[in-house]
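Everything below concerns the one structure shown next.
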Amino acid sequence: MTRTSAKPFRILHPPKWFLDVAVLLFLGLPALLPMGMGNPAWTDVGSAVTVGGALGAVLLRRRYPRLAASTVFAFSFVGVAVGGPVVPYILATLVSVFAVGNLTSRRWTLVLALVGATVLSAANLLFLDTPFQDLRATLQVFAFVGFAAAAGDASRSRREFISAITERARRAEETKESEARRRVAEERIRIARDLHDVLAHQIAVINLHAGVASQALPARPEDAERSLATIRRAARGVLGEIGSLLNVLRSSDIEEDAAGSLGPAPGLAQLDTLVDSFRASGLQLEVRVVGTPVVAEGASDVVGFRILQEALTNAHKHGADQSALLHLEYLPGEVAITVTNTVGPDTSSHSLRRPASIPLASTTGDESSGFGLTGVRERVASVGGRMETASGPGPVFRFTAWLPFGNHAHDPGKG
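Taking the UniProt record's numbering, the leading residue of the sequence shown gets 1, the next gets one more, and so forth.
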């Protein structure tokens, strides 16, 4: 089935020269006919000059609206005084006052409308010997001029309103696009952090067991076989995580694809699975949970899982005896995550060179590559938590993070 796209409806506006010709005909024809008030313009020079001057001034109304209106008032007063046709002067005054209201400020519109009505009424009262001299006719002149001024002001207000609405829509569209780009950038940063967290753990496991396998292969083939099996599992996990994250990065809609392809975000409810994975990789991990576990309403649950994964990876990689203590304490409105492990003298002297801590799960000692600690700090700050690292007493390193939990959890996406 073929679709035909409907063309948007457009209002066709006539060219300006066409409007000028129409205005000249509208104003000029009454000047050639005997209307009972003043002589036709072709009967004497004074009438022809004043009518021509008023019509010429009307043509300048777009570029010089105030000057055009003032000129029309002057020619109208003189034209009535010399016996010219009254109707063209009235019409020219109305057109010029409308132009002032349409193109200038409301203050100028009010001033020139009063001046025009006063000049026209004074000329009629002073120079006309017709029923047009009474008070009722004067009020009619003021009413007509006032209506022209109000119509011009309404036209200007409508144009400004449409312009403001259009500008607001344009800014809203720009803001929407900017917000979309910001959310995409934040999502990519989150994916990069997740990629680092997962790969740091798995590669640390691969590195550790590769060393064990190389040392145990000649004398203890069973241990070497177990280490190689662990390496294979870790490598498969790395490949799976990379494939999932690359699929997300290829998607045009990162958030939708992340929700669809990566499944539910991990949280502290998967603590047992995380602990089992580290124990299977050779880390002797003791777990202590104090308090009643609660589920965070915001992003604290995911952040808690990720920083716990990062801290345990750090303990597994840098620990002196491949052991660590995980202390998880649920406090009113927050959860405290503490990971403690021993460090060797070389690791301690090298890693604690940074003011805050060793670079968690970093692959080298260079500070420029310490994405672990930087990522942990950013994650903790994103949910309104706090963290600290400390060493001692003795060759002990301790990492602690406090995250808001329960009803106090903070969702960074809600700003």
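The beta-carbon is built from N, C-alpha and C at its ideal position, and this holds for glycine as well. These numbers were taken from a predicted model, which means no experiment stands behind them.
**Asked** Beta carbon of residue 46, beta carbon of residue 73: below 7 Å?
**Response** Contact flag unset, no.
**Item:** Integer Cβ distance of residue 396 from residue 340, believed to fall under 8 Å
**Value:** 6 Å
**Request:** Please determine, among 128, 144, 102 and 169, the residue with the shortest C-alpha to C-alpha distance to residue 155.
**Result:** 102
**Selection from 86, 80, 25 and 104 that minimises the alpha carbon distance to residue 64** = 104
**Request:** Could you check the C-alpha separation between residue 221 and residue 279 for me, to the nearest Å?
**Result:** 21 Å
**Asked** Can the beta-carbon of residue 343 be found closer than 7 Å to that of residue 320?
**Response** yes
**Request:** In angstroms with no decimal places, state the Cα-to-Cα distance between residue 152 and residue 170.
**Result:** 27 Å
**Closest by C-alpha distance to residue 277, when choosing among 149, 308 and 124** = 308
**Message:** Residues in the same chain with beta-carbon distance under 6 Å from residue 148, minus the five sequence neighbours each way, listed in chain order, please.
**Reply:** 94, 97 and 98
**Message:** Along the chain, where does the beta strand (DSSP E) containing residue 401 start, and where does it finish?
**Reply:** Per DSSP, residue 401 is one residue of the beta strand (DSSP E) stretching across 396-404.
**Prompt:** By a C-beta neighbour count over all protein chains shown, 10 Å radius and 16 as the cutoff for buried, is residue 301 buried or exposed?
**Reply:** buried
**Request:** Could you confirm whether any beta carbon from chain B is found closer than 7 Å to the beta carbon of residue 156?
**Result:** The displayed structure is made up of one protein chain only, and chain B is not part of it.
**Message:** Less than 7 Å between C-beta atoms, sequence neighbours within five positions excluded: which residues of the same chain meet that for residue 324?
**Reply:** 283, 285, 312, 315, 339, 340 and 341
**Asked** Going by the CB atoms, is the gap between residue 329 and residue 384 shorter than 7 Å?
**Response** No. Outside cutoff.
**Whole-angstrom distance between residue 335 and residue 256, CA atom to CA atom** = Low per-residue confidence applies at residue 256: pLDDT is 46, beneath 50, and the placement is therefore not dependable enough to give any value.
**Item:** Minimum C-alpha distance to residue 141 - residue among 90, 126, 189 and 167
**Value:** 90
**Item:** Rounded C-alpha distance that separates residue 136 from residue 120
**Value:** 14 Å
**Asked** Does DSSP put residue 320 in a helix, in a strand, or in coil?
**Response** coil
**Request:** Kindly indicate which three-state DSSP category residue 128 falls into: helix, strand or coil?
**Result:** coil
**Prompt:** How would you label residue 268, buried or exposed, when you count the other beta carbons within 10 angstroms and need 16 or more for buried?
**Reply:** buried
**Message:** If contacts are defined as beta-carbon pairs under 8 Å, then residue 83 and residue 54 qualify, I think. What distance do you get, rounded to the angstrom?
**Reply:** Not quite, the Cβ-Cβ distance comes to about 15 Å (not below 8 Å), so this is no contact.
**Item:** Simplified DSSP state of residue 294, which is helix, strand or coil
**Value:** coil
**Request:** Would you kindly work out how many angstroms separate the C-alpha atoms of residue 163 and residue 380, rounded to a whole number?
**Result:** 45 Å
**Request:** Run the CB neighbour count on residue 317, radius 10 Å, all protein chains shown included, and call it buried at 16 or more, exposed below.
**Result:** Buried, by the Cβ-count rule.
**Request:** Output yes or no for whether 7 Å exceeds the beta carbon distance between residue 402 and residue 377.
**Result:** no
**Pick from 100, 81 and 88 that is closest to residue 427, judged by C-alpha positions** = Nothing about residue 427 can be reported from this structure: the residues present for the chain run from 1 to 415 only.
**Request:** Would you give the residue range spanned by the beta strand (DSSP E) that residue 390 belongs to?
**Result:** 386-391
**Item:** Segment limits, beta strand (DSSP E) that includes residue 336
**Value:** Unbroken beta strand (DSSP E) run through residue 336: 334-342.
**Message:** For residue 332 and residue 293, I'd like the C-alpha separation in whole angstroms.
**Reply:** 11 Å
**Item:** Which of helix, strand or coil DSSP assigns to residue 423
**Value:** What is shown of the chain runs 1 to 415, which leaves residue 423 out entirely.
**Prompt:** Does the distance from the CB of residue 71 to the CB of residue 57 come in under 7 Å?
**Reply:** yes
**Message:** Can you list, in chain order, the residues of its chain with a C-beta nearer than 7 Å to that of residue 60? Leave out the 5 residues immediately preceding and following it.
**Reply:** 67 and 68
**Message:** Check this for me: beta carbons of residue 87 and residue 113, under 7 Å apart or not?
**Reply:** In terms of Cβ geometry, residue 87 and residue 113 do not form a close pair [threshold 7 Å].
**Asked** Could you give the distance in angstroms between the alpha-carbon of residue 123 and the alpha-carbon of residue 165?
**Response** 44 Å
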